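Trainee: The structure that follows is given in the form of structure tokens.
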């Protein structure tokens, strides 16, 4: 009983309950699809794995940033990096979609899908230019984003080598695969920043309130707005096109974590004095364990 109470208190304190549950459901869907269904689509299996991998750093950031000594200052350390990752993978994906070598998706609508990726890429660069204009002068210091781009490209080449035994592949296909890995790694700068600066008194930096509001709005609107279409609308279309229900569930789980973090960032920007604020998932998870067993 004491061990259970200890685990319960740790989960409540670190706001890890629901993010861990969401990640667990994602892993469970991968295992269920692999072992339960006799007719399996390899591309769909890859989709489930990619979505789950994407959620790992995102869930960690969402679960832990509210417990940092100064969440605003910590967010300022990685907000631009995460937006740069989104702008890069969206730009690469939009460019690759112009080639007929890259299949659009299950809905097979070239015009709408290409237009959406171009719109997403432009929106990401606008969010950076409008929301982070004061930080652009030091953009050269974000070399770690370049390292992640190189890692994504190497991972794409390695995947091709393992899958087909050759590195001979159309540039558009390599670019498309690289953009997928970049999306997976998009929140890695956030996870690293929380690990490095998240401890109490490990970061003492004054954040200009107005600048932070611009950062938070640009970040939150871009991320939540983009994934409303990418996850929520796609989940609806998947159901109406009679795709496997796991696809819709995976999209919605991914969106819940991202939206939760986006709303937390915006709320913290406009009420920085509230140091007891937690994410919505953290509050809900804590309410489930409000009393010791």
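In my numbering, the protein residues as written are 2 to 294.
We put the CB at the ideal spot given by N, CA and C, even for glycine.
Since the structure is predicted, the reported quantities are computational estimates derived from the model, not experimental observations.
1. Skipping 5 residues on each side, what residues in its chain have a beta carbon closer than 8 Å to that of residue 183?
2. My guess is that residue 80 and residue 220 are in contact by the Cβ rule of under 8 Å, so how many angstroms apart are they, rounded?
3. My guess is that residue 23 and residue 254 are in contact by the Cβ rule of under 8 Å, so how many angstroms apart are they, rounded?
4. Residues in the same chain with beta-carbon distance under 7 Å from residue 102, minus the five sequence neighbours each way, listed in chain order, please.
5. Give me, in chain order, the residues of the same chain whose beta-carbon lies closer than 6 Å to that of residue 167; leave out the 5 immediate sequence neighbours on both sides.
6. Can you tell me whether residue 142 is buried or exposed, with buried defined as 16 or more other CB within 10 angstroms of its CB?
7. As an exercise, report each continuous alpha helix (DSSP H) stretch of at least 4 residues that is fully enclosed by the region 93 to 174, in chain order.
8. Leaving out the 5 sequence neighbours to the left and right, which residues in its chain are closer than 7 Å to residue 20 when beta-carbon positions are compared?
9. Go through its chain and collect everything with a Cβ distance to residue 256's Cβ below 7 Å, but skip five positions before and after it.
10. Exposed or buried, residue 35, counting other C-beta atoms within 10 Å across all chains shown (16 or more means buried)?
11. Would a check of beta-carbon distances place residue 246 closer than 8 Å to chain D?
12. For residue 74, name the three-state secondary structure that DSSP assigns.
13. The alpha helix (DSSP H) that contains residue 229, what's its start and end?
14. Would residue 216 be called buried (16 or more neighbouring beta carbons within 10 Å of its own) or exposed?
15. Nearest to residue 25 by CA position, among 272, 270 and 251, is which residue?
16. How is residue 21 classed by DSSP in three states: helix, strand or coil?
17. Tell me whether the beta-carbon of residue 295 lies closer than 8 Å to the beta-carbon of residue 270.
Mentor: On the basis of the supplied data:
1. 86, 89, 90, 93, 149, 150 and 153
2. Approximately 5 Å separates the beta-carbon atoms of residue 80 and residue 220; this is inside 8 Å, confirming the contact.
3. 5 Å
4. 171, 173 and 174
5. none
6. exposed
7. As summarised for the region 93 to 174, the continuous alpha helix (DSSP H) elements at least 4 residues long and confined to that stretch are 111 to 132 and 144 to 165, given in chain order.
8. Apart from the 5 residues on each side of it in sequence, residue 20 sits with its Cβ closer than 7 Å to the Cβ of 60, 63, 64, 258 and 282 in its chain, given in chain order.
9. Within the same chain, residue 256 has close Cβ partners 228, 232 and 233.
10. Counting the other CB atoms within 10 Å of its CB gives residue 35 a total below 16, which places it among the exposed residues.
11. Judged by its chain identifiers, the structure shown contains no chain D, having just a single protein chain.
12. helix
13. Run containing residue 229: none; DSSP gives neither H nor E here.
14. buried
15. 251
16. helix
17. Nothing about residue 295 can be reported from this structure: the residues present for the chain run from 2 to 294 only.
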